[in-house]
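Quick notes on the structure that follows.
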């Protein structure tokens with residue numbers, strides 16, 4: 001697996017550490033044109049897994065972002081620690097991951113459950129397990145998506161179960177009483193000629209949306225936050241029965257948006273403002289990862305959770 005080069009870390013206005021990635025590195029996407037000719041396009045596969053799976057703050061940057069191309073797809077992503085976690089001396093428990101196969105791209109966002117120990121590791125493990133699994137499925141086509149989602153939930157659940165359950169956190173005064181757990185939103189994008197097929201899955205309150213560049217309207221594929229609120233949010237590890245999944249052929253002006261609940265609730269509260277900001281972001285060809293991450297620098301009363309967003313648009 002190839003990871004991003006040129007990582008930069010520095011102090012920032014959010015009071016933590018930045019990790020920014022951009023550009024293209026080694027790795028190939030086989031892109032077939034209408035005339036049946038094949039082009040091998042360099043891609044970036046990132047972000048890299050945590051260098052150390054401990055709970056120390058320096059292993060988990062407060063902010064991480066990407067802006068890159070995956071073959072014919074433009075990808076932008078950012079994850080920001082919430083005010084509550086920063087105030088309590090905790091690490092960011094949201095994350096994202098993406099990877100590319102020969103004819104596909106897999107993306108995921110995950111939100112470690114706040115009451116669970118090593119929640120940031122659970123999220124990291126689930127996101128990476130999901131994108132690895134999905135790329136293999138998309139490139140081999142061994143089963144229907146709905147059937148494969150059962151296997152996907154089982155494999156990510158097993159990966160989360162392997163996360164150490166210490167029931168202690170020496171870095172903070174916050175008591176963690178539950179074993180590692182995380183929500184997940186994951187998707188495959190399969191590109192063929194002029195058609196892009198989206199296959200998606202959610203577990204818990206992380207969400208999958210489509211934004212139309214034509215009219216700025218949102219489609220909540222996995223349901224609105226108000227529809228998903230329950231006394232206990234489903235989280236991995238768990239039964240496939242608690243997951244949601246589906247498939248749809250994307251329109252040329254559709255943008256895929258994956259978010260954790262720290263962003264989905266904000267989009268629900270201010271849909272027009274977020275739509276306008278994302279339209280600008282995807283249309284600005286030279287936008288940096290750092291500038292894209294400013295989408296998460298919003299101030300809405302009562303919304304102090306970690307924030308993660310991943311946006312994909314087909315550009316050719």
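Residue numbers (the UniProt record's numbering): 1 to 316.
Where is the CB? At the ideal position from N, CA and C, for every residue including glycine.
Keep in mind the model is a prediction, meaning the values are calculated, not measured.
Start and end of the alpha helix (DSSP H) containing residue i?
| i | result |
| --- | --- |
| residue 156 | 145-161 |
| residue 262 | 261-269 |
Does DSSP classify residue i as helix, strand or coil?
| i | result |
| --- | --- |
| residue 127 | helix |
| residue 221 | coil |
| residue 87 | helix |
| residue 295 | helix |
| residue 32 | Confidence is the limiting factor: at residue 32 the pLDDT is only 41, short of 50, which leaves the residue's position unreliable, though a coordinate-based value still follows. Residue 32 falls in the strand class under three-state DSSP. |
| residue 254 | strand |
| residue 272 | helix |
| residue 121 | helix |
| residue 279 | helix |
| residue 235 | coil |
| residue 110 | strand |
| residue 305 | coil |
| residue 59 | helix |
| residue 25 | For residue 25, the pLDDT reaches just 33, beneath the cut-off of 50, and the residue's location in the model is therefore unreliable, although a value from the coordinates is still provided. Three-state result, residue 25: coil. |
| residue 241 | helix |
| residue 300 | coil |
| residue 14 | For residue 14, the predicted structure reports a pLDDT of 30, less than 50, and the residue's modelled location is therefore unreliable. A value from the coordinates is still provided. Note: residue 14 maps to coil in three-state DSSP. |
| residue 165 | coil |
On the DSSP letters alone, give me the boundaries of the beta strand (DSSP E) that residue i sits inside.
| i | result |
| --- | --- |
| residue 190 | 182-192 |
| residue 207 | 207-212 |
| residue 78 | 73-80 |
Under the DSSP definition of a beta bridge, which residues are partnered with residue i?
| i | result |
| --- | --- |
| residue 136 | Paired residues: none, contrary to the question. |
| residue 104 | 190 |
| residue 199 | 188 and 247 |
| residue 116 | 178 |
| residue 97 | 108 |
| residue 314 | 73 |
Does any C-beta atom of chain B lie closer than 8 Å to the C-beta of residue i?
| i | result |
| --- | --- |
| residue 116 | No chain B appears in the structure shown, which is made up of a single protein chain. |
So residue i and residue j are supposed to be a Cβ contact under 8 Å. How far apart are they, rounded?
| i | j | result |
| --- | --- | --- |
| residue 259 | residue 206 | 7 Å |
| residue 80 | residue 307 | 5 Å |
| residue 186 | residue 78 | Not confirmed; about 18 Å, so no contact. |
| residue 106 | residue 135 | 5 Å |
| residue 163 | residue 125 | 6 Å |
| residue 213 | residue 267 | Rounded, the Cβ-Cβ distance is 16 Å, inconsistent with contact. |
| residue 127 | residue 95 | 5 Å |
| residue 67 | residue 288 | 6 Å |
| residue 236 | residue 184 | 6 Å |
| residue 99 | residue 60 | That belief does not hold up - the Cβ atoms of residue 99 and residue 60 are roughly 20 Å apart, past 8 Å. |
Query raised in the report: Is it true that the region 180-191 meets the region 112-128, where meeting means three or more beta-carbon pairs spaced less than 8 Å apart?
Result: yes
Report task. Would you check if the region 210-228 and the region 237-252 touch, i.e. whether three or more CB-CB distances between them fall below 8 Å? Result -> yes
Query raised in the report: Below 8 Å, can you find three or more Cβ-Cβ pairs linking the region 148-167 to the region 272-281?
Result: no
Query raised in the report: Are there three or more Cβ pairs, one per stretch, closer than 8 Å when the region 85-92 is compared with the region 158-167?
Result: Contact between the region 85-92 and the region 158-167 is absent: fewer than 3 CB-CB pairs across the two stretches fall below 8 Å.
Query raised in the report: Do three or more CB pairs link the region 296-306 to the region 258-268 at distances below 8 Å?
Result: yes
Query - the region 278-295 touching the region 305-314, judged by at least three CB pairs closer than 8 Å - result: yes
Query raised in the report: Should the region 185-201 be called in touch with the region 230-239, which here means at least 3 C-beta pairs below 8 Å?
Result: no
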